[in-house]
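In this text, residue positions in the sequence shown follow my numbering: the first is 5, and each later residue adds one. Positions of the beta carbon are idealized from the N, C-alpha and C atoms, including for glycine. Keep in mind that this is a model prediction, so the values were computed, not measured. Input: a single structure, listed below in structure tokens.
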Amino acid sequence: MQKILKLTLVTLLGVSVLSSTASADADKGQRIYAKKLKASCGMKGSDFAARHSQDEWRDIFEAGKLDDEVKSTCNGAEVSEKAIPYLFDFVYEYANDSGNVPSC
């Protein structure tokens, strides 16, 4: 019984560590915005994220249209496919109904 309990605890610990490192990160999305999009968008990150609510950003992301939203807002600026989840976490975290304000 003790071996099963230890195995279960080790498994849960391993899964929790792996799942937290595999998820996207709003801070990384903020750095991507500041480095690659801020100049072409002509607005602060808080203004860009506040263009939509969290539900609207989620709908845009799930529909695969986040890249199109960036292009239309930021004078045709391109975002790599790899950066999209991070950018989504950033805009979702700082959407107009979130109550959070980014530092960029």
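> Which of the three DSSP states, helix, strand or coil, is assigned to residue 49?
Replying inline: Residue 49 sits at position 45 when you count from the first residue of the sequence shown. In the structure shown, residue 49 sits in a helix (DSSP, three-state: H, G or I).
> In angstroms, rounded to a whole number, what distance separates the CA positions of residue 101 and residue 56?
Replying inline: Locating residue 101 in the sequence shown gives position 97, counting from the first residue. Locating residue 56 in the sequence shown gives position 52, counting from the first residue. Rounded to the nearest angstrom, the two C-alpha atoms are 8 Å apart.
> Could you give the distance in angstroms between the alpha-carbon of residue 52 and the alpha-carbon of residue 6?
Replying inline: For this step, residue 52 is matched to residue 48 along the sequence shown. For this step, residue 6 is matched to residue 2 along the sequence shown. Roughly 53 Å between the two C-alpha positions.
> Could you give the uninterrupted runs of the alpha helix (DSSP H) lying entirely in the segment 32–106, keeping only those of 4 residues or more?
Replying inline: 42–45, 49–53, 58–66, 70–77 and 88–97
>> If contacts are defined as beta-carbon pairs under 8 Å, then residue 105 and residue 50 qualify, I think. What distance do you get, rounded to the angstrom?
In response: Counting from one through the sequence shown, the residue named residue 105 turns up at place 101. Counting from one through the sequence shown, the residue named residue 50 turns up at place 46. Yes, residue 105 and residue 50 are in contact; Cβ-Cβ is about 6 Å, under 8 Å.
>> Restricting to Cα atoms, I'd like to know which of 78, 74 and 79 is closest to residue 85.
In response: Your numbering for residue 85 matches position 81 in the sequence shown. The shortest C-alpha separation from residue 85 is found at 74.
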